[in-house]
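In what follows, a single structure is set out as structure tokens and then discussed.
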């Protein structure tokens, strides 16, 4: 990173999108892209893109645009994707299995090193070459292995006692599907919560807004650049 | 809604969080809450909360705070959660099953009315009381039933031909887990994309930022109110 400024969280939250679009461009063999083209692809504005990418120093060149492989590498580095944090996953129900099978951990900075469940009928079963371990062994495992992060694919009520064990073993980073509010309990953890219901409610809002529009007094303050 | 102003998309994207926190307060029997308490719970600021909730008219009263059940009802109404849009789900692999089993459609504005898959070994199987239908019948089903939305729990490569069928039958609303970019293909659809990898990359960034901090020149522009 060319600049040592701390980047605002709203820019950070857009970085994974830049990563995705640049990866696609890169896989298609594109060597460069203009802020206008990138904006069109991402449903954003060219000025927003220039402003965001300026945070990481000057990759853009007037009249040339951005060097795709270079910008991709830089964004990957800023995201920390060249790291390999060791992660364990708790709960191999449908959600846990979907995560194990569909998420590309290795290219997103993580090694998935162990799976845990309490259900005796799945303990010992292999998923993606990893045996499911009994959650009763969670503390022993965490004390004898380097575990940086835990992916919580469990119901809310199952998380509290297990979070105590994990926290007691020094695990501070969580990818949390459980709806259990870890930050209310522990004040020095980093948690990314996934709330699928929030996304569905936003869809409901957008449908309702289209089907039953209200009288519009003023234009929306900003474009919805989500994608 | 007391005001007919169009609400900005960034406020809309925070509404599901208000919904969640107010639902919890309501379930715990709370009748009122101050903007300060709500801010503390949500990791936001009292002024942000007052500003957001002002968009929907004056529910707050100086010295009293907000009426919890009233504010909850109002936010539910704005989100359109009193509607029942008919939705079908495509792909009952682990992800599709996780969605069917864990998402509270009915309280989020949707009726899940049918499931589809192409795998003959699951066609006919019942999930949550619904038989999995053969995806070959998708067009017939959509033409003979009211289908508002489709939840796409399929791999990217499977989506394109099915999206043609759905679009041809008038389905315009999508909850999309597939990474297939529907808005590039159809310009009058509403799509909520779920990118689990984005959330994982953000976690990777936050771990890296904590473990390997860079020199900090200026404070972050905004607090991270995500939860």
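Chains as they are written, first to last, in this note's numbering: chain A, 1 to 227; chain B, 1 to 227. Note that the Cβ used here is the ideal one computed from N, Cα and C, for glycine as well. Since the structure is predicted, the reported quantities are computational estimates derived from the model, not experimental observations.
- In the structure shown, residue 7 of chain B falls within a coil segment according to DSSP collapsed to helix, strand and coil.
- Residue 67 of chain B is bridged by DSSP to B:32.
- Within 10 angstroms of the beta-carbon of residue 85 of chain A lie 16 or more other beta-carbons, which makes it buried.
- Excluding sequence positions up to five before and after residue 105 of chain B, its CB lies within less than 8 Å of the CB of 87, 111, 112, all in the same chain and listed in chain order.
- For residue 77 of chain A, the closest alpha carbon among the candidates A:19, A:136, A:179 is that of A:19.
- In the DSSP secondary-structure assignment, residue 112 of chain A is bridged to A:87.
- Contact of residue 72 of chain B with chain A is not assigned, every C-beta pair being separated by 8 Å or more.
- Counting C-beta pairs with one atom in each stretch, the stretch 117 to 136 of chain B and the stretch 87 to 101 of chain B have three or more that are closer than 8 Å, which means they touch.
- Against chain B, the CB of residue 98 of chain A has a partner CB under 8 Å away; the residue lies at that interface.
- Each of A:43, A:27, A:160, A:33 was checked against the Cα of residue 14 of chain A, and the nearest Cα belongs to A:43.
- Per the C-alpha coordinates, the member of B:198, B:55, B:199, B:190 positioned closest to residue 209 of chain A is B:190.
- Taken in chain order, the members of the stretch 157 to 173 of chain A whose beta-carbon sits within less than 9 Å of a beta-carbon on chain B are 172, 173.
- Taking a 10 Å sphere around the C-beta of residue 64 of chain B, we find fewer than 16 other C-beta atoms and assign the residue as exposed.
- Nearest C-alpha to residue 108 of chain B among B:166, B:149, B:202, B:187: B:149.
- The straight-line gap separating the alpha-carbon atoms of residue 173 of chain B and residue 197 of chain A is approximately 16 Å.
- In chain order, 16, 20, 103, 104, 108 make up the part of chain B whose C-beta sits under 8 Å from the C-beta of residue 197 of chain A.
- Counting the other Cβ atoms within 10 Å of the Cβ of residue 136 of chain A gives fewer than 16, which makes it exposed.
- Interface with chain A (8 Å Cβ-Cβ cutoff): residue 194 of chain B is included.
- If only complete runs of 4 or more residues are kept, the stretch 102 to 151 of chain A shows the alpha helix (DSSP H) at 138 to 144, in order along the chain.
- Closer than 8 Å to the CB of residue 210 of chain B there is at least one CB belonging to chain A.
- For the pair residue 162 of chain A and residue 102 of chain B, the CB atoms are not nearer than the 8 Å cut-off.
- Straight through space, the alpha carbons of residue 124 of chain A and residue 213 of chain A are spaced by roughly 54 Å.
- DSSP places residue 167 of chain B inside the alpha helix (DSSP H), whose first and last residues are 156 to 168.
- CA-CA distance, residue 34 of chain A to residue 199 of chain A, rounds to 31 Å.
- For residue 205 of chain A, there is no enclosing beta strand (DSSP E); the residue is found in the alpha helix (DSSP H) stretching over 196 to 211.
- Linking residue 70 of chain B to residue 79 of chain B through their CA atoms gives a straight-line distance of about 14 Å.
- Using a Cβ-Cβ cut-off of 8 Å, residue 83 of chain B counts as an interface residue toward chain A, since at least one Cβ of chain A sits closer than that to its own.
- Put simply, the backbone Cα of residue 128 of chain B is about 8 Å away from that of residue 100 of chain B.
- In this chain, residue 44 of chain B is not harboured by any alpha helix (DSSP H), its DSSP state being neither H nor E.
- Residue 94 of chain B reaches chain A at 94, 97, 98, 101, counting residues in chain order whose Cβ is nearer than 7 Å.
- It is roughly 28 Å from the alpha-carbon of residue 165 of chain B to the alpha-carbon of residue 25 of chain A.
- Taking a Cβ-Cβ threshold of 8 Å, the residues of chain B close to residue 201 of chain A are 15, 16, 19, 79, 81, 108, 109, in chain order.
- Within the DSSP bridge table, the entry for residue 192 of chain B names B:175 as partners.
- For residue 127 of chain A, no Cβ of chain B is located within less than 8 Å of the residue's own Cβ.
- Membership of residue 182 of chain B in the alpha helix (DSSP H) is indicated by the continuous run 182 to 185.
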